[in-house]
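Residue numbers (this note's numbering), protein chains in the order written: chain U, 43 to 193; chain S, 2 to 312.
Yeah, the Cβ is synthetic: ideal placement off N, Cα and C, and Gly gets one too.
Remember, predicted model here, so these are calculated numbers, not experimental data.
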Amino acid sequence: MKKVKDFISRDLTSVTENTPLRDVAEILSWRGLSGVPVVNGSNEVIGFISEKDIITSLFPEQVKIENPDMIRMDNLSQLIKKLNTVGEALVQDYMNKNIICASEETPIADIAGIMLRKDIKRLPVLRDKRLVGVVDRSSLTRALIETGSLE
Amino acid sequence: MIVTVTLNPAFDHLLLLSQLSPGRMNRTKSTQRMPGGKGINVASALSVLGEEVIATGLLGGLTCQRFEEELRRRGISTSFVYTDQELRTDFYVIEEGKAQQTMVIEDGTPVDNRYVNNFVSNFERLLTQADIVEIGGSLPSGIDPGFVRELVLKAVKAGKKVVLDLLEPILKECVDIPGLFIVKPDVREKKVLFGKELGSPEVRLGLAREMQKSGAEVVILNYRKLHYLVAAGGEFYEGGIEAEQSGVLIGVQDGMLAGFMHSYLKSGNIEDAFKYALAAALATERSKVNYPTSGQDIERLLPSCKVRKVN
Numbered sequence: 043m044k045k046v047k048d049f050i051s052r053d054l055t056s057v058t059e060n061t062p063l064r065d066v067a068e069i070l071s072w073r074g075l076s077g078v079p080v081v082n083g084s085n086e087v088i089g090f091i092s093e094k095d096i097i098t099s100l101f102p103e104q105v106k107i108e109n110p111d112m113i114r115m116d117n118l119s120q121l122i123k124k125l126n127t128v129g130e131a132l133v134q135d136y137m138n139k140n141i142i143c144a145s146e147e148t149p150i151a152d153i154a155g156i157m158l159r160k161d162i163k164r165l166p167v168l169r170d171k172r173l174v175g176v177v178d179r180s181s182l183t184r185a186l187i188e189t190g191s192l193e
Numbered sequence: 002m003i004v005t006v007t008l009n010p011a012f013d014h015l016l017l018l019s020q021l022s023p024g025r026m027n028r029t030k031s032t033q034r035m036p037g038g039k040g041i042n043v044a045s046a047l048s049v050l051g052e053e054v055i056a057t058g059l060l061g062g063l064t065c066q067r068f069e070e071e072l073r074r075r076g077i078s079t080s081f082v083y084t085d086q087e088l089r090t091d092f093y094v095i096e097e098g099k100a101q102q103t104m105v106i107e108d109g110t111p112v113d114n115r116y117v118n119n120f121v122s123n124f125e126r127l128l129t130q131a132d133i134v135e136i137g138g139s140l141p142s143g144i145d146p147g148f149v150r151e152l153v154l155k156a157v158k159a160g161k162k163v164v165l166d167l168l169e170p171i172l173k174e175c176v177d178i179p180g181l182f183i184v185k186p187d188v189r190e191k192k193v194l195f196g197k198e199l200g201s202p203e204v205r206l207g208l209a210r211e212m213q214k215s216g217a218e219v220v221i222l223n224y225r226k227l228h229y230l231v232a233a234g235g236e237f238y239e240g241g242i243e244a245e246q247s248g249v250l251i252g253v254q255d256g257m258l259a260g261f262m263h264s265y266l267k268s269g270n271i272e273d274a275f276k277y278a279l280a281a282a283l284a285t286e287r288s289k290v291n292y293p294t295s296g297q298d299i300e301r302l303l304p305s306c307k308v309r310k311v312n
């Protein structure tokens, strides 16, 4: 049975509760990521902040009537300019604290199912509460194309 | 867990050709582009040897994604701080059959303080999971060597083993800090340290003793191309390897350090670790990339690596 550790990307990019949203937007834009884990001073994962969270902070009214998934990454870099107008808002006010994480030993089929059902693009992988990587939809898709199965 | 710090990473771009003709058009026979920088090369070698490694540093620009992906493919976890500056490229012109490489090194551009502060914050968090911190290579322009001293002090205070592989101006800021684990001055071609020629056996022994008095557990001095003095616990060993004629020497010094770290951490035996380090250096040279690509290569080369005790 294939496990999360077989598909993990050992990308430890993370931010803290005190990171300004402007910095998060830069990271997401430059790296082309949909979101990053939020960690405390001991590198323990305490939440997740996504492009959706940032856009919600900027255009709360619009997000209610539009599908935030339609807002693409290339728009995000333009939004960085707008972030300056909302000041130095911090991650702690917009992060999602109720997040789903995996361990390296979790069966990948279980995680793939959760990611699809809950519409999760990137999911932190933890060892002793600390971030050891992420699984994302693109790695799962790549694996499916290469091997034809997640089992 | 080993954390390697590379504040000024770069792509290593190899241009292999028969002969370089300055001032004329030169056509390459082949090229290769790979992530590089002293800490990056050490991380790559350690990962091949089965160590769990996190690479950190400052990284930016359009190509940084490819840089990180390649490191992760090598089994290294990445935790870089992103900047708005483009990643550097260092060019190595390898003239086949001449055992000669010509380097053109990009200096890099200044990094905004905001990113430097983010790096410090990320470094402090990584310290909570590190057993060993290795700091290697140069600094982006505008960052003072005293900045590395601050990092070293934080790591030592946190009780971590610190390995330094630094150019003299940076090393000078750190070498008096008590409790360093391994100090390997990055002397490049000139083999001069603190104004003293390392070619003289008495001079290098004296320097190694001084650096140990300052508190370094192990001192590694590169006194000739791929020849070293290793000092630890009152014992001194010397040994070296000869490069192949068409050898690519990128990362060879870093492979040596990684090999030493890996073996010394396992056995605590300076002589065995030194031999293993030389084999790792040789395996790096023969790999034609900037790290040894397998532990088996190192094991195979080990019997040919000799060291001798000196006083």
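Residue i versus residue j - alpha carbon distance
i: U/R52; j: S/S201; result: 45 Å
i: S/A282; j: U/D161; result: 48 Å
i: S/A259; j: U/T183; result: 35 Å
i: U/V46; j: U/V177; result: 7 Å
i: U/R159; j: S/I3; result: 37 Å
i: S/H14; j: S/G40; result: 17 Å
i: U/R169; j: U/E93; result: 25 Å
i: S/M262; j: U/N85; result: 25 Å
i: U/T98; j: S/L63; result: 27 Å
i: U/E147; j: U/V167; result: 10 Å
i: U/S71; j: S/P304; result: 51 Å
i: S/L154; j: S/P141; result: 20 Å
i: S/R210; j: S/G235; result: 8 Å
i: S/L181; j: S/V164; result: 7 Å
i: S/S122; j: S/A284; result: 36 Å
i: S/A274; j: U/M43; result: 39 Å
i: U/F90; j: U/R164; result: 9 Å
Residue i in three-state terms, based on DSSP
i: U/V46; result: helix
i: S/F120; result: helix
i: S/S11; result: Checking the displayed sequence, the identity of residue 11 of chain S turns out to be Ala instead of Ser. Three-state DSSP puts S/A11 in a strand.
i: S/E272; result: helix
i: S/K314; result: With chain S covering 2 to 312 only, the question about residue 314 of chain S has no answer from this structure.
i: S/R115; result: helix
i: S/Q101; result: strand
i: S/K161; result: coil
i: U/I107; result: Residue placement at U/I107 cannot be trusted, given a pLDDT of 45 that sits under 50; the coordinates are not used to answer.
i: S/P141; result: coil
i: U/P79; result: strand
i: S/E211; result: helix
i: U/K94; result: helix
i: S/N223; result: strand
i: S/K267; result: helix
i: U/N60; result: coil
Any chain U beta carbon closer than 8 Å to residue i
i: S/N119; result: yes
i: S/Q130; result: yes
i: S/R126; result: yes
i: S/Y292; result: no
i: S/P10; result: no
i: S/I55; result: yes
Listed by chain order, chain S residues near residue i by CB distance under 8 Å
i: U/G175; result: S78
i: U/D152; result: The premise fails here: U/D152 is roughly 23 Å from chain S at the closest Cβ pair, so nothing lies under 8 Å.
Residue-level contact to chain S via CB, residue i, 8 Å cutoff
i: U/G83; result: yes
i: U/D135; result: no
i: U/D178; result: no
i: U/D48; result: no
i: U/I107; result: With a pLDDT of 45 at U/I107, under the threshold of 50, the modelled position of this residue cannot be trusted, and the question is left open.
i: U/D65; result: yes
Within chain S, partners of residue i - CB distance below 9 Å
i: U/E68; result: Y83 and D85
i: U/R172; result: T129 and Q130
For residue j and residue i, believed in contact at Cβ under 8 Å, the rounded distance
i: S/G252; j: S/N223; result: The Cβ separation is near 14 Å, so there is no contact.
i: U/G83; j: S/R126; result: 6 Å
i: S/A217; j: S/I271; result: At roughly 13 Å, the Cβ-Cβ gap does not stay under 8 Å, so S/A217 and S/I271 are not in contact.
i: S/N42; j: S/D255; result: 4 Å
i: S/M212; j: S/V193; result: 15 Å between Cβ atoms; not a contact.
i: S/S78; j: S/I95; result: S/S78 to S/I95, Cβ: 31 Å. No contact.
i: S/L168; j: S/S139; result: 6 Å
i: U/I69; j: U/V80; result: Actually they are not in contact, since the Cβ atoms of U/I69 and U/V80 sit about 12 Å apart, beyond 8 Å.
i: U/V87; j: U/K171; result: 7 Å
i: S/T7; j: S/G137; result: 6 Å
Within chain U, partners of residue i - CB distance below 9 Å
i: S/Q66; result: W72, R73 and G74
Proximal chain U residues relative to residue i, where beta-carbon distance stays under 8 Å
i: S/R73; result: S51, R52 and D53
Amino acids of chain S, ordered along the chain, whose beta-carbon sits closer than 7 Å to that of residue i
i: U/D161; result: Ordered by position in chain S, no residue passes the 7 Å Cβ test against U/D161, which lies about 24 Å from the chain.
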